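Undergrad: Numbering (this note's numbering), first residue to last: 149 to 888.
By construction, the Cβ of each residue, glycine as well, lies at the ideal position given by its N, Cα and C atoms.
Fair warning: this is a prediction, and the values are worked out from it, not measured in the lab.
Sharing a structure here in structure tokens format.
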């Protein structure tokens, strides 16, 4: 039999839970207790201030775990277990409480309980003041099954599985999502626990912790949760490489709703994610969503992973319109994306004419590089324009606008012969889509987009943007519910009164989080129903199936696709990565008013999307496509893209860039032969003419000398020479000299 001191300590701890559970502010409460050996769950309602012994109907045992209906904090009464999973302040409070109770219990059990009650009353106000702060700090919680569950009467027959939620609320991580989307998880739990067709033998509970986006903190929390028997992990937010490996070591499934940095150098069969991954670096470091907020212009919204999923959509668009040759111009930060696009092009028998890397304006001007000077884009386009017609640009929107303006100034869009395709990982929004058409800073005297320099309409019709698809219209209702759940137990993330007039923005990550929980529940339910065919589903069997993380993740992968709460059908690849859902934007007539001083009769609107189903006809233009390439689909039957020219641009001229596609017939050869013969005739005629001319000239010279007489032919009267020959004269002179 227990000593009074030990009994008083147990009663004091249970009394603490009873006081909060039975407080009027919380509408009474329930005692939740679980036996450590049988793992059964029972409830006992308390509405006044009875002894804990009276509430339980017996003396509490050392193996018993008491839950507070409001606080949802776990307290164990054994020396080997944790005394409290929660904030340190609560542990200190209970430690003081139990010490006082134990001292008082040395006299009588009743006195011990009285002292404990007095101590609790004295600390109740402090506890309530600390509650809000503690729930915003790093801590662990277990949520109860909703009281409005249709299966409430069957609670004794259901197995409780605790799910671990790893999010980022505090810390230095940029763009943290924990404060705004956490309600999506409890909303998913309610939907699952209240669904009679989904996991009818299981109740899903929650334990969460703020990891602050730090790997060390997340790893520590994961190991603690593993020791406490958590069945699955959702998260972490930010990093997940180390955490996924730790989870794999115990074969516990992990589904991340916001982590793209994992590089699969080796397979992790227990890991999946509902956020599409991609590859990208910021300089020598990694560019992920933890840092992009502070360097958005220089660190694109693209993150690390096995493969850039958006490149498959680019390939699908190129194949659909028969553009089998194209050039890539990318920023330095998008090098890995460009490499992935090259790889996808090779797999699908497409030709990449050029791959040119450019630098963003910030780096160019900071380092005083040539690209900071005017005419830089002219040089890039001039270098490639004679051997390409289709450009794929990978970079930020400001660079895209500069590139398009340069091509417009070179009159490349005048006949609709050139086209630019660009991609952005941002979710489509009509309010910001025009950033791809013009810069935020516009000339002061421009009041409409048609007054912008150049031919705005032709330039804009020569651009196709691929962006993450806009959520379905029902997504707004979903985000409204998420806001409500986020303010409820166990998070209590309420808006400060200062911002009561503002609506908290809920990002697409809320859908990723909700989908991850639904995927897990669906896979577990499928495995349990298969197991039920062979043996009854006891608590041990359920836990045995739930502990096989590899099989759960493989079940999700084998299903290939799932329907997201955002309204899209998403594909899961063989690695467990979500491939996302993308749309194509093109210029359409639609009035847009940016402000009272600027408007535009055009907008970039979604005109097509990509489906994961593969075409059955193997004789069409997509016969060479890879099985992983999604299918391009126009949004409406009979709809089309308004091109800058009379028809869509071709990927090369009809005869090729070097006239290599035009056939050379016999007429060309005959013309060459005739030309050769004519040349030979002309040559011969020239030779003959020159010969005749030379002969004529000689004869003419001879005729001009006929009047001349040779002096030797002139004779004297008696046939003597009038002029003596030089020899005679010379001899005569010599003789005269000798005579003298």
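1. What is the DSSP secondary structure of residue 902, reduced to helix, strand or coil?
2. Compute the Euclidean distance between the alpha carbons of residue 588 and residue 513, then round it to the nearest angstrom.
3. Which residue marks the beginning of the alpha helix (DSSP H) containing residue 327, and which one marks its end?
4. Find out if the Cβ-Cβ distance for the pair residue 735, residue 617 is shorter than 8 Å.
5. Please list the terminal residues of the continuous beta strand (DSSP E) segment that includes residue 750.
6. Please report how far the alpha carbon of residue 349 lies from the alpha carbon of residue 309, in whole angstroms.
7. Kindly indicate the opening and closing residues of the beta strand (DSSP E) around residue 685.
8. What is the DSSP secondary structure of residue 636, counted as helix, strand or coil?
9. Cα separation between residue 730 and residue 415?
10. Taking 6 Å as the limit between beta carbons, can you name the residues of its chain near residue 705, skipping five residues before and five after?
11. Let me check one thing: in DSSP terms, what residues is residue 743 bridge-paired to?
12. Any idea if residue 827 is buried or exposed, counting beta-carbon neighbours within 10 angstroms, 16 or more meaning buried?
13. Please report the residue range of the alpha helix (DSSP H) in which residue 700 lies.
14. Inspect the beta-carbon positions of residue 370 and residue 667 and report whether they are closer than 8 Å.
15. Among 361, 362, 364 and 398, which has the Cα closest to the Cα of residue 375?
16. In terms of alpha-carbon separation, which member of 578, 575, 547 and 574 lies closest to residue 568?
17. Return the bridge partner residues of residue 404 from the DSSP annotation.
18. Leaving aside the five residues before and after residue 299 along the sequence, list all residues of the same chain whose C-beta is less than 6 Å from its C-beta, in chain order.
19. Taking the Cβ atom as the reference point for each residue, do residue 314 and residue 381 lie within a distance shorter than 8 Å?
20. Reducing DSSP to helix, strand and coil, say where residue 323 ends up.
21. Determine, using beta-carbon pairs with one atom in the region 649-665 and one in the region 320-337, whether at least three such pairs fall under 8 Å.
22. Three or more C-beta pairs closer than 8 Å, one from the region 568-588 and one from the region 669-688: is that the case here?
23. Who are the near neighbours of residue 361 in its chain, counting only those whose CB is closer than 8 Å to its CB and skipping five residues on each side?
24. At the level of alpha carbons, what is the spacing between residue 630 and residue 326?
25. When the Cβ atoms of the region 591-599 are set against those of the region 470-488, are three or more pairs found closer than 8 Å?
26. Which same chain residues, not among the five before or five after residue 581, have their C-beta less than 6 Å away from its C-beta?
27. In whole angstroms, give me the CA-to-CA distance for residue 305 and residue 654.
28. Rounded to the nearest angstrom, what separates residue 632 and residue 331 at their Cα positions?
29. Nearest-angstrom Cα distance between residue 496 and residue 611?
30. Less than 8 Å between the beta carbons of residue 798 and residue 537, yes or no?
31. Given a cut-off of 8 Å, decide if residue 466 and residue 614 are closer than it, judged by their beta-carbon atoms.
32. Let me check one thing: in DSSP terms, what residues is residue 571 bridge-paired to?
33. As an exercise, report each continuous alpha helix (DSSP H) stretch of at least 4 residues that is fully enclosed by the region 534-579, in chain order.
34. By alpha-carbon positions, which one of 424, 400 and 843 ends up nearest to residue 407?
35. Look at residue 557 and residue 602 and say whether their C-beta atoms are less than 8 Å apart.
36. With DSSP as the reference, please indicate the residues paired to residue 731 in a beta bridge.
TA: Straight from the coordinates:
1. The structure shown does not extend to residue 902, since the chain spans only 149 to 888, so no value can be given for it.
2. Translated into the one-based positions of the chain shown, residue 588 becomes position 440. Translated into the one-based positions of the chain shown, residue 513 becomes position 365. Near 19 Å, if we compare the C-alpha coordinates of residue 513 and residue 588.
3. As a first step, residue 327 must be located in the chain shown, where it is residue number 179. Element bounds for residue 327: 326-329.
4. For the purposes of this step, residue 735 is taken as residue 587 along the chain shown, with counting starting at 1. For the purposes of this step, residue 617 is taken as residue 469 along the chain shown, with counting starting at 1. For residue 735 and residue 617, no; Cβs fall outside 8 Å.
5. Within the chain shown, the letter at position 602 stands for residue 750. Judged by DSSP secondary structure, residue 750 falls within the beta strand (DSSP E) whose first and last residues are 746-759.
6. Within the chain shown, numbered from 1, the residue matching residue 349 stands at position 201. Within the chain shown, numbered from 1, the residue matching residue 309 stands at position 161. Take the alpha-carbon of residue 349 and the one of residue 309: they are about 10 Å apart.
7. Here residue 685 refers to the residue found at position 537 of the chain shown. No beta strand (DSSP E) holds residue 685; DSSP gives it neither H nor E.
8. Start at 1 with the first residue of the chain shown, and residue 636 comes out as number 488. Secondary structure of residue 636 (DSSP, three-state): coil.
9. Residue mapping note: residue 730 aligns to position 582 of the chain shown, counting from 1. Residue mapping note: residue 415 aligns to position 267 of the chain shown, counting from 1. Cα to Cα, residue 730 sits roughly 27 Å from residue 415.
10. For the purposes of this step, residue 705 is taken as the residue at position 557 of the chain shown. Around residue 705: 720 and 724.
11. Working through the chain shown from its first residue, we reach residue 743 at position 595. DSSP lists 746 as partners of residue 743.
12. Sequence index remark: in the chain shown, residue 827 carries index 679 (1-based). Counting Cβ neighbours within 10 Å, residue 827 comes out exposed, since fewer than 16 surround it.
13. In the chain shown, the residue the question calls residue 700 occupies position 552. Its alpha helix (DSSP H) spans residues 697-706.
14. As a working mapping, residue 370 is identified with position 222 in the chain shown. As a working mapping, residue 667 is identified with position 519 in the chain shown. Not closer than 8 Å, so no.
15. Locating residue 375 in the chain shown gives position 227, where the first residue counts as 1. Looking at the Cα atoms, 398 is the closest of the given residues.
16. Mapped onto the chain shown, residue 568 falls at position 420. Looking at the Cα atoms, 547 is the closest of the given residues.
17. Taking the first residue of the chain shown as 1, we reach residue 404 at position 256. Residue 404 is bridged to 421.
18. Against the chain shown, residue 299 aligns to sequence position 151. Residue placement at residue 299 is flagged as unreliable, the pLDDT there being 45, under the threshold of 50; the coordinate-derived value follows with that caveat. Counting only Cβ-Cβ distances below 6 Å, and skipping sequence neighbours, we find nothing.
19. Here residue 314 refers to the residue found at position 166 when the chain shown is read from its first residue. Here residue 381 refers to the residue found at position 233 when the chain shown is read from its first residue. By the CB criterion at 8 Å, residue 314 and residue 381 fall inside the cutoff.
20. To locate residue 323, count along the chain shown from 1; it is residue 175. Here residue 323 carries a coil assignment [DSSP, helix/strand/coil].
21. Touching, per the Cβ criterion.
22. Output reads no: the region 669-688 does not touch the region 568-588.
23. To locate residue 361, count along the chain shown from 1; it is residue 213. Excluding sequence neighbours, residue 361 sits near 316, 319, 320, 321, 324, 384, 385, 386, 387 and 438.
24. Along the chain shown, read from residue 1 onward, the residue named residue 630 stands at position 482. Along the chain shown, read from residue 1 onward, the residue named residue 326 stands at position 178. Taking the straight line from one Cα to the other gives about 12 Å.
25. Touching, no.
26. Numbered from 1 along the chain shown, position 433 holds the residue referred to as residue 581. Annotation for residue 581: 752 place their beta carbon closer than 6 Å to its own, counting only its chain and skipping 5 residues before and after.
27. Within the chain shown, numbered from 1, the residue matching residue 305 stands at position 157. Within the chain shown, numbered from 1, the residue matching residue 654 stands at position 506. Approximately 37 Å, taken between the alpha carbons.
28. Against the chain shown, residue 632 aligns to sequence position 484. Against the chain shown, residue 331 aligns to sequence position 183. When rounded, the distance between both Cα atoms is 7 Å.
29. Along the chain shown, read from residue 1 onward, the residue named residue 496 stands at position 348. Along the chain shown, read from residue 1 onward, the residue named residue 611 stands at position 463. Cα to Cα, the separation comes out at about 23 Å.
30. To locate residue 798, count along the chain shown from 1; it is residue 650. To locate residue 537, count along the chain shown from 1; it is residue 389. Note that the C-beta distance between residue 798 and residue 537 is below 8 Å.
31. Taking the chain shown and counting its residues from 1, one reaches residue 614 at position 466. Taking the chain shown and counting its residues from 1, one reaches residue 466 at position 318. No.
32. For the purposes of this step, residue 571 is taken as residue 423 along the chain shown, with counting starting at 1. Answer by DSSP bridge pairing, in chain order: 614.
33. Scanning the region 534-579 for uninterrupted alpha helix (DSSP H) segments of 4 residues or longer gives 545-557, listed from N- to C-terminal end.
34. Within the chain shown, numbered from 1, the residue matching residue 407 stands at position 259. For residue 407, the closest C-alpha among the options 424, 400 and 843 is that of 424.
35. The sequence position of residue 557 within the chain shown is 409, counting from 1. The sequence position of residue 602 within the chain shown is 454, counting from 1. The answer is yes: Cβ separation under 8 Å.
36. Within the chain shown, the letter at position 583 stands for residue 731. According to DSSP, residue 731 shares a beta bridge with 615 and 757.
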